[in-house]
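The structure appears below as structure tokens.
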Amino acid sequence: TPDCRFQAFDLFRQAMEAFEKAETMRPPGNDDALLRWNTCARIIARNKLVPRDEEERIEFPLE
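Structure follows, in structure tokens:
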């Protein structure tokens, strides 16, 4: 669907927020939350995902 890129961005951001919370509770030496946050950031960057407001508006011609 046309909105799937926006939905993907939103879900990755939600995951990143959860990983930020998890990082504050992590046991010493456990970097899993940080590594997963970085993975989300790389996927967003690699796929050029953006929030809905930043996506270029496309005007469709009227028939």
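Numbering-wise, the working numbering comes out as the position in the sequence shown, counting from 1, plus 598.
From the three backbone atoms N, C-alpha and C, an ideal C-beta is built for every residue, glycine too.
Keep in mind the model is a prediction, meaning the values are calculated, not measured.
Query - Best match in D601, C602, R624, A613 for proximity to N636 [C-alpha to C-alpha] - result: In the sequence shown, residue 636 corresponds to position 38, counting from 1. Ranking D601, C602, R624, A613 by Cα distance to N636 puts A613 first.
Query - Backbone CA spacing between G627 and I642 [nearest angstrom] - result: The residue you call residue 627 lines up with position 29 of the sequence shown. The residue you call residue 642 lines up with position 44 of the sequence shown. In a straight line, the C-alpha of G627 is about 26 angstroms away from that of I642.
Report task. Under 8 angstroms by Cβ, that's how I've got Q616 and R624 pegged, so tell me the actual separation to the nearest angstrom. Result -> Your numbering for residue 616 matches position 18 in the sequence shown. Your numbering for residue 624 matches position 26 in the sequence shown. Correcting the residue identity first, residue 616 is Ala in this sequence and not Gln. That belief does not hold up - the Cβ atoms of A616 and R624 are roughly 13 angstroms apart, past 8 angstroms.
Query raised in the report: Comparing alpha-carbon positions, which option in D601, P600, F607 lies nearest R640?
Result: If you number the sequence shown from 1, residue 640 lands on position 42. The residue with the shortest Cα to Cα distance from R640 is F607.
Query raised in the report: Which residues in the same chain as F610 place their Cβ atom closer than 6 angstroms to its Cβ, once the five residues preceding and following it in sequence are excluded?
Result: Within the sequence shown, residue 610 is the residue found at index 12, counting from 1. The residues are C638, I642.
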